[in-house]
Amino acid sequence: MSFDVDIRRQLGEVEIACRIAPGAGVTVLFGPSGAGKTSVLNMVAGLLRPDAGHIGVDGCTLFDSRAGIDLRPETRRAGYVFQEPRLFPHLSVRANLLYGRRKGAVMDVDGVIQLLGIAALLDRWPRTLSGGEAKRVAIGRALLADPRFLLLDEPLASLDRKRGEEILVLLERLRDQLRLPILLVTHDRGEAERLGDRIVAFG
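Residue numbers (our numbering): 68 to 270.
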């Protein structure tokens with residue numbers, strides 16, 4: 068299960084180009100802020116249309132400019148975890164997890180809760196969570212949508228060293244146990260080298 072990406076997009080005066088050769092595991096987009104890494108995630112998710120190229124995941128074509136293929140975001144089944152957790156403030160943690168849960172999802176709710184270690188958080192409100200706890204819930208919500216692949220935008224952003232290490236360990240567990248293709252954005256070289264099976268450099 069892997070990404071096959073070769074895309075370009077002009078945004079103002081900046082041309083963003085990215086090529087990811089097929090290969091299983093975690094692909095890390097590494098480079099400074101403003102280099103276009105998040106734009107690549109958005110193109111893979113279907114939130115931003117490339118000017119040209121193709122995007123495939125696990126043999127399924129999501130976008131191909133020559134063939135006129137451009138699947139809607141909901142059809143692509145991306146599990147997107149944004150830099151900010153974006154939890155619904157009026158819903159409990161449990162309700163946030165269940166929101167958008169895909170019927171017939173491979174992972175069940177109890178399995179995700181156990182995997183992420185968030186059983187004690189289920190009756191709490193997002194405003195009471197630490198940054199690391201909120202990130203775990205956001206990842207859980209993405210997993211319960213039964214994604215074909217995961218997109219993670221700066222998953223350690225705004226976390227202190229201790230919370231960042233907790234999320235790193237969690238991401239290693241997801242990588243090793245779920246076998247989902249993961250595309251991860253970071254500007255931290257240590258994070259890229261620790262998590263990535265391949266690194267695509269920007270900037």
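Each residue gets a CB set at the ideal place from its N, CA and C atoms; glycine is no exception.
Rounded separation between Phe70 and Gly171 - CA only: About 24 Å.
Beta-carbon proximity of Pro261 to Leu235, cut-off 9 Å: A small correction: the amino acid at residue 261 is Arg; Pro does not occupy that position in the sequence shown. A contact, by the Cβ cut-off of 9 Å.
Span separating the alpha-carbon of Leu247 from that of Thr195: Distance between the alpha carbons of Leu247 and Thr195 is about 30 Å.
Under the three-state DSSP convention, the category Asp243 falls into: Three-state result, Asp243: helix.
For Asp73: DSSP bridge partner residues: When beta bridges are read from the DSSP output, Asp73 appears opposite Arg86 and His121.
At least three beta-carbon pairs within less than 8 Å, the stretch 255 to 270 to the stretch 84 to 96: Contact holds between the stretch 255 to 270 and the stretch 84 to 96, because three or more Cβ pairs, one in each stretch, are under 8 Å apart.
Enclosing alpha helix (DSSP H) for Leu262 [first to last residue]: Start and end: Arg256 to Leu262.
Which of helix, strand or coil DSSP assigns to Asp131: The answer is strand: DSSP assigns Asp131 an E or B state.
Under the three-state DSSP convention, the category Asp137 falls into: Assignment of Asp137 by DSSP, reduced to helix, strand and coil, places it in the strand class.
DSSP three-state assignment for Leu78, whether helix, strand or coil: Strand at Leu78.
Reduced DSSP secondary structure (H/G/I, E/B, other) of Ile185: In the structure shown, the three-state DSSP call for Ile185 is coil.
Collapsed DSSP secondary structure at Gly146 in the structure displayed: Collapsing the DSSP output to three states places Gly146 in a strand.
Alpha-carbon to alpha-carbon, His254 and Ser100: A direct Cα-to-Cα measurement between Ser100 and His254 gives close to 7 Å.
C-alpha distance - Ser106 paired with Ala145, whole-angstrom precision: Rounded to whole angstroms, Ser106 to Ala145 spans 15 Å at the Cα level.
Counted within 10 angstroms of its Cβ, other Cβ atoms place Val173 as buried (16 or more) or exposed: Result: exposed.
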